[in-house]
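Inspection log for the structure reproduced underneath, given as structure tokens.
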Amino acid sequence: MNFLTNLDFWFTTLRCTTPVLFATMAALIASRSGMLNLGLEGAMTIAALCGVLGSGFTGSLLAGALCGLLAGTAFTMLLAYFVQHLKANRVVSGVALNLAASGGSVFCLYSITGDKNASNSLASAAFPAFEIPVLKEIPGIGDIISGHNCLTYVAFIVTILIFIVLNKTAFGIHIRAVGESEEAARSVGINVEKTRYQAMLLSGLLASLGGMYLSMGYINRFTAGMVAGRGYIALATNAMAAGNALMGMVSSILYGFGSGISIYLQNNNVDPYLITMIPYVSIIVFYVLFSFYYKVKQQGEDSLS
Amino acid sequence: MNKKKRFDWYGVIRVTASILISLVIAAIIIFAVADDPATALHKFLLGPFSTKRNFFNVIETMIPLVFCGLAINVMHKSGLFSMVADSSFYFAGVVAASLAIACPMPNIAHQLVILAAATAVGGVIGVIPVLIKKKTGANELVISLMMNYIFFNFGYWLIRNCFLDASNGSFSINFAPTASLGKLLKGTNTHFGLFIMAAAVIFMWILMDKSKFGRALQITGANENFARYAGIRIGGVVLGSQLIGGMLAGLGGGVEMIGMYKKFQWITAQTYVWDGILINLLAGTKPLMIPVSAFFISYIRIGALVMSRGGDVDSEIVSIIQGIMIMLIASERFLYRLKKNKEEKEALQNQAAEAVEA
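Note that the protein sequences, when read in sequence, are chains A and B.
All residue numbers for the first sequence refer to our numbering, where the first residue is 1 and numbers rise by one.
All residue numbers for the second sequence refer to our numbering, where the first residue is 1001 and numbers rise by one.
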């Protein structure tokens, strides 16, 4: 159990938390507006691929980042259009788009680079890592917090921003109103469709950032299946967050913790397939415990009223 | 009043339109990507008929697709969107392979035991998300998706740990020769599982369309409150649907494992259950139509494989086609104007008829 005191382990935990934190925030803002964004997995995959393609062909990180953001957001808005305007079943369409994205990304990868598994032939860019000047001197905490990829810091800042936006700004209150009661929001003049599209736009941007972190963060290539269900894990962490962005941060860190343990065990000769299970098992356990807690709390409140 | 039962033209038109639109989009993609688009398209559309082996590949791939389509059909009719059939299918395959290797038995008995075990394991796995949902309120979709990853990794680890073929490194050692479902036709891999599949289709047709359980399930899925007030035991019906769905997926996994393979080869997750969603939608959620839509999906899969052997168009184009089809069929507003116009015309006709009678 000595890995708990190992600073590298906690650094790795924060590193693994980042993509899931982005995805959780994406799920959070969509679900607060009443739209269950099940297309997170597909959006992350598409953004990861297009970021790599964009920066690989133009040689510029900014172009790649813009490509990735555009692709993931367009994907999410497509889902939003189908659910809102064409009245598609949101679960079925989300799952369908995810399937199309995972197959379609392999298809695009093969058509463009001739390789079905990874974009090794493309020299794609990566987001830089930063050291924080004063904090890194602090022993212990400094090693854990400083030196991360810039997107990691962005993820945590975005979490706090979302918490503030949802609770303190008019835009945030509109989103929450639309999510809680569509008719009530419409009756005070809030444009429900427009607000939901805006929420999905933000959701798409955040999911794209999460996807791009995977292929342009520590590793600068796209691998088939690299998202590995994080878009779906975000649904669990979002459910655990119960609408609160800070709780979303906590549940994402729980995932990062499980992921960190699995990475640590990889160095200790345990079979890789057994290790891969660990984050998923930990998420199910936490999710079930949290759900049970919320259910009991709800029953307690119901019995009082 | 006109009591003649009308054929559901609207549903058929929507499905056909979705298929046509997605195939047109696929053709556009092929033209954009392929060096020789005409040949590629020809291989895609007619590839399965080009050789006897290719055509029977379609039949062989159809078998697990039908089982998974039936499983999704019954599981989603309850209104719950659980994807745990994926775990049931894969892990039942693992169990079947384990029994095929480790427990040699006389012919016929061996296959029966393997298939029974696969079915049972699939059923048990199938009810887990719904039980968790009942006790804790957790969402069954999320639970089932996490379970899929867990059962895939755990199942494959079991095979690697206990039955690994050291010379190969990824597959298992060979099954006992009795663990097989025979060959129906020389030169193909088609096996007796085809008859088991047919039996399953007929059983599900009777269960879903003709029995009390099927009717109760349909009502529960459509409107849970109505079902409750009508006195239907919702808990039992939903649990039953998940159990039967899991058993179907498990049986499918077992049949596929001992019918098509001589050793365990599933080193990646199998996608039959995800195709099952589309198969179910294309069949209009009718069990009797599932073999037809499964044949169609199998056909385009094999067509894409034949096309991809030519080199420039990857077989994953099928995922894009399937995604588009599902999106269009799942959109209620797709071709909605057709239905609205027809209903308005009928309403006006009925009004005119009643005015004449009065």
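Cβ coordinates follow ideal geometry from the N, Cα and C atoms, glycine included.
None of these values were measured; they are calculated from a predicted model.
Would you kindly report the start and end of the unbroken alpha helix (DSSP H) that includes residue i?
i	result
A:T58	40-58
A:A125	From DSSP, A:A125 is part of no alpha helix (DSSP H); its letter is neither H nor E.
B:H991	Missing from the structure shown is residue 991 of chain B; chain B here goes from 1001 to 1358 and no further.
B:C1068	1052-1077
A:D302	272-304
A:F156	150-168
B:Y1361	Missing from the structure shown is residue 1361 of chain B; chain B here goes from 1001 to 1358 and no further.
A:A242	It is not in any alpha helix (DSSP H) - A:A242 carries neither H nor E in the DSSP assignment.
B:N1341	1336-1357
A:E183	182-187
B:K1135	1109-1136
A:G34	No alpha helix (DSSP H) contains A:G34, which DSSP labels as neither H nor E.
B:N1225	1224-1229
B:E1256	1234-1260
B:D1086	1085-1102
B:M1307	1290-1309
Would residue i count as contacting chain A if we go by Cβ distances under 8 Å?
i	result
B:V1015	no
B:A1199	no
B:L1145	yes
B:M1001	For B:M1001, the predicted structure reports a pLDDT of 44, less than 50, and the residue's modelled location is therefore unreliable. The matter cannot be settled from this model.
B:F1334	yes
B:S1298	no
B:K1004	Its pLDDT being 49, under 50, B:K1004 is placed unreliably by the model, and the measurement read from it follows with that caveat. False, the Cβ-Cβ gap to chain A never drops below 8 Å.
B:T1039	no
B:R1160	yes
B:L1141	yes
B:S1293	no
Does residue i get closer than 8 Å to chain B when you measure Cβ to Cβ?
i	result
A:A80	no
A:C16	no
A:S291	yes
A:H148	no
A:F107	yes
A:Y294	yes
A:G103	yes
A:K116	yes
A:L97	yes
A:L235	yes
By DSSP, does residue i sit in helix, in strand, or in coil?
i	result
B:V1158	According to the sequence shown, residue 1158 of chain B is Leu rather than Val. Note: B:L1158 maps to helix in three-state DSSP.
B:A1269	coil
A:A88	strand
B:L1164	strand
B:N1189	coil
A:T17	helix
A:A118	strand
A:T388	Summary: the structure shown does not reach residue 388 of chain A, with chain A confined to residues 1 through 305, and so no result is reported for it.
A:S146	coil
A:T223	strand
B:S1331	strand
B:S1172	strand
B:E1316	coil
A:Y81	helix
A:T195	helix
B:V1142	helix
A:N6	coil
Any contact between the segment 1254-1266 of chain B and the segment 1162-1173 of chain B? By contact I mean 3 or more CB pairs, one from each, below 8 Å. yes
Taking 8 Å as the cut-off, does the segment 40-47 of chain A touch the segment 202-222 of chain A (at least 3 CB pairs, one atom from each stretch)? yes
Do the segment 1328-1339 of chain B and the segment 80-89 of chain A touch if we need at least three Cβ pairs shorter than 8 Å? yes
Are the segment 1061-1070 of chain B and the segment 1230-1241 of chain B touching, with three or more C-beta to C-beta distances below 8 Å? no
Chain-ordered residues of the segment 1314-1326 of chain B with a beta carbon less than 9 Å from chain A: D1314, S1315, E1316, I1317, V1318, S1319, I1320, I1321, Q1322, G1323, I1324, M1325, I1326
Taking three-plus beta-carbon pairs below 8 Å as touching, is the segment 1196-1215 of chain B in contact with the segment 1066-1077 of chain B? yes
Closer than 7 Å, Cβ to any Cβ of chain B: which residues of the segment 274-288 of chain A, in chain order? L274, T276, M277, Y280, V281, I283, I284, Y287, V288
With a cut-off of 8 Å, do at least 3 Cβ pairs link the segment 1290-1307 of chain B to the segment 1122-1140 of chain B? no
Three or more C-beta pairs closer than 8 Å, one from the segment 62-70 of chain A and one from the segment 190-201 of chain A: is that the case here? no
Across the segment 1209-1228 of chain B and the segment 1104-1113 of chain B, are there enough close Cβ pairs to call them in contact, namely three or more that are closer than 8 Å? no
With three or more beta-carbon pairs closer than 8 Å as the criterion, would you say the segment 1146-1159 of chain B touches the segment 107-121 of chain A? no
Give, in chain order, every residue of the segment 55-88 of chain A whose Cβ lies closer than 8 Å to some Cβ of chain B. F82, H85, L86, K87, A88
The segment 239-265 of chain A: positions lying closer than 8 Å to chain B by Cβ: A239
Evaluate contact between the segment 149-162 of chain A and the segment 233-251 of chain A, counting only Cβ atoms and requiring at least three cross-stretch pairs below 8 Å. yes
Could you run through the segment 1184-1215 of chain B and flag, in chain order, every residue whose CB is less than 9 Å away from some CB of chain A? none
Would you call the segment 1184-1193 of chain B and the segment 1281-1290 of chain B touching, i.e. three or more CB-CB distances under 8 Å? no
Three or more C-beta pairs closer than 8 Å, one from the segment 10-23 of chain A and one from the segment 139-157 of chain A: is that the case here? yes
Using a Cβ-Cβ cut-off of less than 7 Å, list which residues of the segment 1088-1102 of chain B approach chain A; keep chain order. none
Residues of the segment 1021-1034 of chain B in Cβ contact with chain A at a cutoff of 7 Å, in chain order, please. V1033
Three-pair Cβ contact test at 8 Å for the segment 1142-1154 of chain B versus the segment 267-284 of chain A: yes
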